[in-house]
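Engineer: Below is a structure I'd like to ask you about.
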Amino acid sequence: MIICDSISSIQSVIAKERQNGHSIAFVPTMGALHQGHLNLIKAAQKKADKVVCSIYVNPTQFNNSDDLINYPRLLEEDIKKLETVNCDILFTPSDEVMYQKTSTLKFNFGELDQVLEGAFRPNHFSGVALVVSKLFHIVQPDYAFFGQKDLQQLTIIKKLVQELLFNVQIESVPIQREPDGLAMSSRNGRLNPLERQEAVIFFECLSNARKILLENHDRQATISNVQQAFQHHSAKLEYFDIVDDSDLKPRHENYLRPDTVLCIAGYIGNVRLIDNMYLIS
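Counted the way my numbering counts, the sequence shown spans residues 179 to 459.
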């Protein structure tokens with residue numbers, strides 16, 4: 179695996195691959211890799227000749243400074259994991275490379291970044307869009323792979339590509355779960371053993387909500403069931419909603435569609451987790 183930490187070096191490596199007629203798939207990450215990330219690499223390998231992975235903890239998408247400080251940074255371990263799946267190229271830029279000056283550029287996605295995550299994490303998606311735009315300009319991939327767990331991020335990146343005319347095809351990969359159903363996340367490593375056991379409530383609530391909605395099509399009963407589950411639990415619910423995956427607007431009727439998705443977020447201790455589940459899988 180070739181490892182690059184500068185824009186000139188990564189672009190030189192990619193240029194050589196292009197000269198050899200190779201297509202490029204890109205998997206942007208913030209590191210602390212788990213099996214979900216490795217599945218993105220494997221999916222990318224099926225689409226393109228060469229796969230580029232980036233590891234960069236992007237400061238502009240954190241609205242909580244403690245969250246940025248505490249975000250796990252495990253580069254040596256990540257490199258070993260990427261080598262096990264034969265990733266071709268790794269890009270590991272520093273803050274100085276990605277932000278030569280303090281950025282004042284902001285993105286506004288209208289209602290898309292005001293609901294769900296956007297309601298609780300102001301400016302988060304502006305920071306995501308900024309760093310993804312930079313990475314797309316640097317790597318210029320044919321394909322870019324993102325996980326379904328960050329559904330709102332995926333929706334916004336598709337909008338970004340559409341609006342800015344990036345010549346890249348966005349691909350999504352289903353959520354990778356632990357045996358007990360917890361969605362794999364880099365943040366899970368911050369949970370203590372008891373919190374880790376309690377974190378399964380997110381998956382359990384999604385599963386129960388899906389069952390209730392499929393059986394009686396009652397939106398309020400579904401939401402109330404989730405809220406009640408958290409009232410008797412140490413976890414804190416931030417939101418639960420039933421939305422259309424294309425615009426993230428709440429769905430109030432005609433639920434039995436493949437684009438209806440249940441979204442949830444909350445805290446286990448000081449660790450914030452998100453998850454989602456399609457009504458029809």
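Here a beta-carbon is modelled for each residue, glycine too, at the ideal position from N, C-alpha and C.
Is it true that the stretch 353-369 meets the stretch 425-441, where meeting means three or more beta-carbon pairs spaced less than 8 Å apart?
Structural biologist: The stretch 353-369 vs the stretch 425-441: no contact.
Engineer: What is the DSSP secondary structure of Q326, reduced to helix, strand or coil?
Structural biologist: DSSP places Q326 in coil when its eight states are reduced to three.
Engineer: Name, in chain order, the residues that DSSP records as bridge partners for T438.
Structural biologist: Per DSSP, D422.
Engineer: Do you know how far the Cα of A399 is from the Cα of S232?
Structural biologist: Computed Cα separation, rounded: 43 Å.
Engineer: Which runs of the beta strand (DSSP E), 3 residues or longer, sit entirely within the stretch 294-375?
Structural biologist: Qualifying beta strand (DSSP E) stretches, in chain order: 321-325, 347-351.
Engineer: Between which two residues does the alpha helix (DSSP H) holding M276 run?
Structural biologist: 273-276 is the extent of the alpha helix (DSSP H) around M276.
Engineer: According to DSSP, N241 sits in a beta bridge with which residue or residues?
Structural biologist: N241 pairs with nothing; no bridge assigned.
Engineer: Among Q406, A387, N448, F408, which residue has its Cα nearest to the Cα of M455?
Structural biologist: Cα-wise, what sits closest to M455 is A387.
Engineer: Check whether chain B comes within 8 Å of S385, counting only Cβ atoms and requiring the distance to be less than that.
Structural biologist: In the structure shown, chain B does not exist; there is a single protein chain.
Engineer: Since I believe V378 is in contact with L218 (beta carbons under 8 Å), could you give me their beta-carbon distance rounded to a whole number of angstroms?
Structural biologist: 23 Å between Cβ atoms; not a contact.
Engineer: Can you find the residues in the same chain that come closer than 7 Å, C-beta to C-beta, to L308, ignoring five residues on each side of it along the sequence?
Structural biologist: The answer, listed in chain order, is T238, S281, L283, F285.
Engineer: Alpha helix (DSSP H) containing A193: first to last residue?
Structural biologist: 185-197 is the span of the alpha helix (DSSP H), which, as asked, contains A193.
Engineer: Using 8 Å as the cut-off, can you tell me whether the stretch 208-227 makes contact with the stretch 261-270, which would need three or more C-beta pairs spanning the two stretches below that distance?
Structural biologist: With a cut-off of 8 Å, the stretch 261-270 and the stretch 208-227 count as touching, because enough Cβ pairs lie within range.
Engineer: Can you grab the Cα-Cα spacing for the pair M179 / P428, in whole Å?
Structural biologist: Rounded to the nearest angstrom, the two C-alpha atoms are 44 Å apart.
Engineer: Should K259 be counted as a contact of the ligand GTP given a C-beta to heavy atom distance under 7 Å?
Structural biologist: The ligand GTP is not among the ligands present in this structure, which contains no ligands whatsoever.
Engineer: Quick check: what's the CA-CA separation for L440 versus D183?
Structural biologist: Cα to Cα, L440 sits roughly 39 Å from D183.
Engineer: Where do the N-terminal and C-terminal ends of the beta strand (DSSP E) with A203 fall, by residue?
Structural biologist: Element bounds for A203: 202-207.
Engineer: According to DSSP, what are the bridge partners of I446?
Structural biologist: Looking at the DSSP assignment, I446 forms a beta bridge with V449.
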